[in-house]
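**Q** Numbering (my numbering), first residue to last: 3 to 379.
Just so it is clear, CB atoms sit at the ideal spot from N, CA and C, and this is done for glycine as well.
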Ligand SMILES: *Cc1c(COP(=O)(O)O)cnc(C)c1O
């Protein structure tokens, strides 16, 4: 039996979280009405430097309801990056629209603005950018294209709470920013999500749809088919406590990445998280990308780490390589495939990144990694 198993990500839950959650429980407001829900919406929107936020039941529903509120439906095309969590193309298909899968930048791994224009057709409605692994996408050229072609830009910030692009917080740049508060994200509510936006009409529409499409002025009158995607007061209480501590949590994660950089500095065959000059990323997950000659050994390297009680995870599988998305159109900078995303997806993996890890944990993980790596390479 392994005594100490170090997971890739576990939440950092402390006394403040206990206090707020207990307060929510004792208030008996356990469903989606209660003071913590609106407090969390206000405070999180203000953290993102936008006026408004609407809480939802998870990050996937944040994306789904945003597209739905923007009127996305059958026949529409939505541009998405090739390296992302599956929720992104999934919500597009759920609405009867078609994801168009676009290649990523080789250095910072987000959607490549140079490939986007080639993917645009008369049917294109929106671009979903994903600030993948905590590094912002290059928003300026994307916004320029969106203006030229009248497209909406949705930021998937599920992995990037608090990151900045130039002077702006992610989520405040496009038409809407969608966040997840799943247990492994920068802050958690257990399950949960939020849409932030400058556009109060868009958010009112999402608020309406997420609550059974009930007429705000006439109770139990529903002019459309709605959804139940509400966040509970208990979840929001957890969120408020996490949000009170978010600077500390982000700083701890930044330190963790610096420690890995220090302890893994002598391994030339891997490179760690990128950081473009125009970006202030957050370290959602420590990312390592293997040199091409080591790519076939990724599985072996990661299993040897696992045998020593250290968890890790490979990068996301390319969307188009999974059955529901096989038929999706793919677009790279100069070909109809996504070669950059394909290479990075096979070469990358994540190391334990929980905010609560200490320097000695990182030293130990790095040493165990090196042991296995030196044997296998
Ligand atoms: C986690 C994640 C989501 C989905 O969030 P859930 O809260 O799990 O539904 C969406 N997009 C990206 C990029 C994610 O990492």
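If contact is defined by three or more beta carbon pairs under 8 Å, each pair taking one atom from either stretch, is the stretch 148 to 158 in contact with the stretch 311 to 326?
**A** Flag = no, the stretch 311 to 326 and the stretch 148 to 158 do not touch.
**Q** Among 112, 184 and 323, which residue has its Cα nearest to the Cα of residue 276?
**A** 112
**Q** How big is the Cα-Cα spacing for residue 40 and residue 339?
**A** The straight-line gap from Cα to Cα measures roughly 44 Å.
**Q** Using the three-state DSSP reduction, which class does residue 337 fall into: helix, strand or coil?
**A** Reduced to three states, the DSSP call for residue 337 is coil.
**Q** Have a look at 16, 102 and 138 and flag the residue whose alpha-carbon is nearest the alpha-carbon of residue 169.
**A** 138
**Q** Is the beta carbon of residue 132 within less than 7 Å of some heavy atom of ligand 1?
**A** yes
**Q** Consider the C-beta atom of residue 193 and the heavy atoms of ligand 1; say whether any pair is separated by less than 7 Å.
**A** yes
**Q** Taking the Cβ atom as the reference point for each residue, do residue 243 and residue 18 lie within a distance shorter than 8 Å?
**A** yes
**Q** Entirely within the stretch 114 to 163 and at least 3 residues each: give me those beta strand (DSSP E) ranges in chain order.
**A** 126 to 132 and 154 to 158
**Q** Give the DSSP-derived three-state secondary structure of residue 323 in the structure shown.
**A** helix
**Q** Do the CB positions of residue 67 and residue 266 come within less than 8 Å of each other?
**A** Cβ atoms of residue 67 and residue 266: not closer than 8 Å.
**Q** Tell me the rounded alpha-carbon separation between residue 201 and residue 208.
**A** 11 Å
**Q** On the DSSP letters alone, give me the boundaries of the beta strand (DSSP E) that residue 57 sits inside.
**A** In the DSSP assignment, residue 57 falls within the beta strand (DSSP E) that extends over 54 to 58.
**Q** Between 326, 346 and 329, which has its C-alpha nearest residue 294's C-alpha?
**A** 346
**Q** At a threshold of 7 Å, does residue 347 count as lining ligand 1 (C-beta to nearest heavy atom)?
**A** no
**Q** Does ligand 1 have a heavy atom nearer than 7 Å to the CB of residue 60?
**A** yes
**Q** Among the candidates 272, 83 and 13, whose CA atom is the shortest distance from the CA of residue 192?
**A** 13
**Q** Sorted by chain position, which residues of the same chain lie with C-beta nearer than 8 Å to residue 460's C-beta, five sequence neighbours on each side aside?
**A** Summary: the structure shown does not reach residue 460, with the chain confined to residues 3 through 379, and so no result is reported for it.
**Q** Rounded to the nearest angstrom, how far is the Cβ of residue 80 from that of residue 102, given a contact under 8 Å?
**A** 7 Å
**Q** Between the Cα of residue 332 and those of 142, 134 and 321, spot the shortest distance and give me the residue it belongs to.
**A** 321
**Q** Since I believe residue 90 is in contact with residue 72 (beta carbons under 8 Å), could you give me their beta-carbon distance rounded to a whole number of angstroms?
**A** At roughly 15 Å, the Cβ-Cβ gap does not stay under 8 Å, so residue 72 and residue 90 are not in contact.
**Q** My parser needs the beta strand (DSSP E) runs of 3 or more residues fully inside the stretch 200 to 278; what are they?
**A** 272 to 274
**Q** Near residue 342, what residues of its chain come up, given a Cβ to Cβ distance below 6 Å and the 5 sequence neighbours on each side ignored?
**A** 105, 106 and 108
**Q** Given residue 62, which residues of its chain have a CB within under 8 Å of its CB, disregarding the five upstream and five downstream residues?
**A** Closer than 8 Å at Cβ, skipping near neighbours: 89, 92, 93, 182 and 195.
**Q** Closer than 7 Å: is that where the CB of residue 161 sits relative to any heavy atom of ligand 1?
**A** Within the cutoff, so yes.
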